[in-house]
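So the structure is just underneath, and the comments pick up after that.
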Amino acid sequence: MHPRTGVIPEYKLADFYKAAMSMENPAVRDYFLLLLFTGVRKCEGTNLRWSDIDFQAKTLTIRREQAKNHRDHVLPLPSFLFDLLKQRYDMRSSSPWVFPGKNDKGHITCFRFWLPKLRDRSGCKFMIHDLRRTFLSAAERLELPYYVLKRLANQTVSSDTLVPYIVVSMERLRLHMERIVSTYWA
47 MHPRTGVIPE YKLADFYKAA MSMENPAVRD YFLLLLFTGV RKCEGTNLRW SDIDFQAKTL
107 TIRREQAKNH RDHVLPLPSF LFDLLKQRYD MRSSSPWVFP GKNDKGHITC FRFWLPKLRD
167 RSGCKFMIHD LRRTFLSAAE RLELPYYVLK RLANQTVSSD TLVPYIVVSM ERLRLHMERI
227 VSTYWA
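Counted the way my numbering counts, the sequence shown spans residues 47 to 232.
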């Protein structure tokens, strides 16, 4: 089995963004932008609660029960995404979910209807996980330090003995997140 390597090509990012912004369902639109701007996994995004967003610190937390490595993962929110989520929060219903849905789980879960629309409008053939690879590939193009990449991706390497000694501050991560997002507009 070969690892997947799909990403949204750099020259298609503007088309993807325009297509996402044209989505009729704001929860779906904002969900896809969250994945593109943070690199979080599909289920980490769908399971976000408003209690996971700290508007004062401008961070979001992927709770350990949602994270693949079962560790809380705190990420800084890039300015664009902070503004988008703040607007969602100010207009929210009584749902605890950032991306509410009309199903028994209470949050969006299925993209069978929306994914083909987004693919058609953007002209990009992609899988949802390709948004994570797009984010991390943009970070790599900027030659971000390896440990920053690991921290942003919430990846662990148990054999790496330096990991416990390197603490990447939230403000440093925020600067890198802003740099990554700025490459989308270049």
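Virtual Cβ for every residue (Gly too), placed ideally from N, Cα, C.
- Under the three-state reduction of DSSP output, residue 100 falls in the strand class.
- CA-to-CA, the gap between residue 227 and residue 132 works out to about 18 Å.
- Assigned with DSSP and collapsed to three states, residue 74 falls in helix.
- Rounded to the nearest angstrom, the gap between the Cα atoms of residue 142 and residue 223 is 26 Å.
- A straight line joining the alpha-carbon of residue 192 with that of residue 151 spans about 37 Å.
- Annotated three-state conformation of residue 162 is helix, per DSSP.
- Counting along the chain, the unbroken alpha helix (DSSP H) around residue 194 starts and ends at 192-199.
- In terms of CA proximity to residue 181, 83 leads the group 221, 94, 83.
- A direct Cα-to-Cα measurement between residue 140 and residue 155 gives close to 19 Å.
- In the pairwise beta carbon analysis, the region 156-166 is classified as not touching the region 97-112: fewer than three pairs are separated by under 8 Å.
- Shown here, residue 50 sits in coil according to DSSP, grouped into three states, outside any helix or strand.
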